[in-house]
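Beneath this line is the structure, given in structure tokens, with notes to follow.
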Amino acid sequence: MKTNYLAIAAVLAMASTLSLASGNHAGGHGDAGGHGHGGSGESAIGAPGVAGKVTRTVKVDMTDAMRFIPASIDVKQGETIRFQVKNSGKAKHEFVLGTEAELREHYQVMLKNPEMEHEEPNMITLAGGKSGEVVWQFTKAGKVHFGCLQPGHYDAGMKGAVTVAGAQGNAKSDGHGHKH
């Protein structure tokens, strides 16, 4: 029985990965309108943001040292963030938002299909020296991961995380209404 559940889980995971990775294969990044990660609605990591409702802008640099600067970003639940992403390197890099599992699964697809190009509202692919943006609304508290899924980059540590503080703000509560 355990093997059957694992096989079913693997098939479902691959199906969701393929739908995440499929996009329209146009490359780059475009309008975040009703397609892509989570469709036109909310997903486990939030929802495509509306440019006119951006709360703030966060600059992210992608380097050929296989790093994101910054690799750790703090936001508040409900915020719509404009990520201004710059590839300061020479190699092609991606900025992809997702759960850790989604990123790992999508990375495996990219290893098998390194020339795959896709366009989704939660990601951007940039050639060396280019810049672009991703606008994303963080609707749920928790952790949203990001990474570069170009072959070899994710394994080399090109990843980071967005910590989404609950609607109460960034302060931690001891459960009695006191903030620390």
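Heads up: the sequence shown is residues -21 to -1, 1 to 159, going by mature numbering (1 follows the signal peptide of the UniProt record, and there is no 0). Think of the CB as a built atom: it goes at the ideal place given N, C-alpha and C, for glycine as much as any other residue.
From Lys69, Ala30, Leu82, residue whose alpha carbon lies closest to that of leucine 105: To locate residue 105, count along the sequence shown from 1; it is residue 126. Comparing Cα positions, the closest option is Lys69.
Between the CA atoms of lysine 71 and lysine 122 - distance to the nearest angstrom: By 1-based counting over the sequence shown, the position of residue 122 is 143. By 1-based counting over the sequence shown, the position of residue 71 is 92. The alpha-carbon atoms of lysine 122 and lysine 71 are separated by roughly 26 Å.
Assigned secondary structure, valine 88 (DSSP; H/G/I helix, E/B strand, else coil): Looking up residue 88 in the sequence shown gives position 109. Three-state DSSP puts valine 88 in a helix.
Three-pair Cβ contact test at 8 Å for the segment 86 to 103 versus the segment 30 to 39: no
Where glycine 31 falls: helix, strand or coil (DSSP): Looking up residue 31 in the sequence shown gives position 52. Helix, per DSSP.
Range covered by the beta strand (DSSP E) that runs through methionine 102: Your numbering for residue 102 matches position 123 in the sequence shown. Where methionine 102 is concerned, the enclosing beta strand (DSSP E) stretches over 102 to 105.
Close beta carbons around alanine 135, own chain, < 7 Å, minus the five adjacent residues each side: As a first step, residue 135 must be located in the sequence shown, where it is residue number 156. The answer, listed in chain order, is Met45.
Neighbourhood of serine 1 by C-beta distance below 6 Å, restricted to the same chain and skipping five residues each side: Counted from its first residue, the sequence shown places residue 1 at position 22. At serine 1 the pLDDT is 37, less than 50, meaning the model places this residue with poor confidence; the figure from the coordinates comes in the next sentence. For serine 1, where only same-chain residues beyond five positions count, there are no Cβ hits under 6 Å.
Start and end residues, beta strand (DSSP E) containing leucine 76: Position 97 of the sequence shown holds residue 76. Its beta strand (DSSP E) spans residues 72 to 77.
Short Cβ contact (9 Å threshold) for threonine 142 with glycine 25: Numbered from its first residue, the sequence shown carries residue 142 at position 163. Numbered from its first residue, the sequence shown carries residue 25 at position 46. Against a cut-off of 9 Å, the Cβ pair of glycine 25 and threonine 142 comes out as no contact.
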